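Chemist: Letter by letter, the sequence shown follows residues 1349 to 1498 in my numbering.
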Amino acid sequence: MSSLAIAIAVNLVLGGVLLALLLARRGRDEVCLGGASEAIAHFRIHYPDADGEVSVAADGRGALIELGGGAVGLLERRGRRWNARLLAPGDVRAVDVDGGQGLRLRFADFSWPRARICLDDAEALAAWRARLGALTGAAARPPRQETRHA
1349 MSSLAIAIAV NLVLGGVLLA LLLARRGRDE VCLGGASEAI AHFRIHYPDA DGEVSVAADG
1409 RGALIELGGG AVGLLERRGR RWNARLLAPG DVRAVDVDGG QGLRLRFADF SWPRARICLD
1469 DAEALAAWRA RLGALTGAAA RPPRQETRHA
């Protein structure tokens, strides 16, 4: 019976050591955008015809791209890959300023519910808040006509 306990203990210790090595090897992903050209290159992997003015986040882990026709491109680092999204009218549920430097976005789509982009420039932050605010569901929907009751 004691040989079984030793075998279990050895397997548990070996499993713990291997798990620690795996976590140390994978580590935290420190990949950041080098600038606007790199951001648009990553965005064009998903949307090849995309072109516009790029604002890279202060931490380099995201970017906002002003595209033609009122659409906005969002590039964000999630895990070990870059995710790109086209934001059209009605896609954004809410835009809030988070701590004076960041934009906190909430989307109408449950598959990508929120994003946070930090911008250093206060003017750029205000401009992007206005652009993204125009894409919110309330701003994108035509005004509802009031029904008068008797």
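Virtual Cβ for every residue (Gly too), placed ideally from N, Cα, C.
Everything numeric in this text was worked out from a predicted model, so none of it was measured.
1) Does DSSP put W1476 in a helix, a strand or coil?
2) Please work out which residues of its chain come closer than 6 angstroms, Cβ to Cβ, to G1400, disregarding the five sequence neighbours upstream and downstream, and give them in chain order.
3) Helix, strand or coil: how does DSSP classify V1420 here?
4) Kindly indicate which three-state DSSP category E1378 falls into: helix, strand or coil?
5) By Cβ distance below 8 angstroms, which residues in the same chain neighbour A1456 in space, the five residues on each side in sequence not counted?
6) Mind reading off the beta-carbon distance from R1409 to R1425? Whole number of angstroms is fine, and I expect it under 8 angstroms.
Modeler: Taking the structure as given:
1) helix
2) I1413, E1414, L1415
3) strand
4) coil
5) G1438, D1439, V1440, R1441, G1485
6) 4 angstroms
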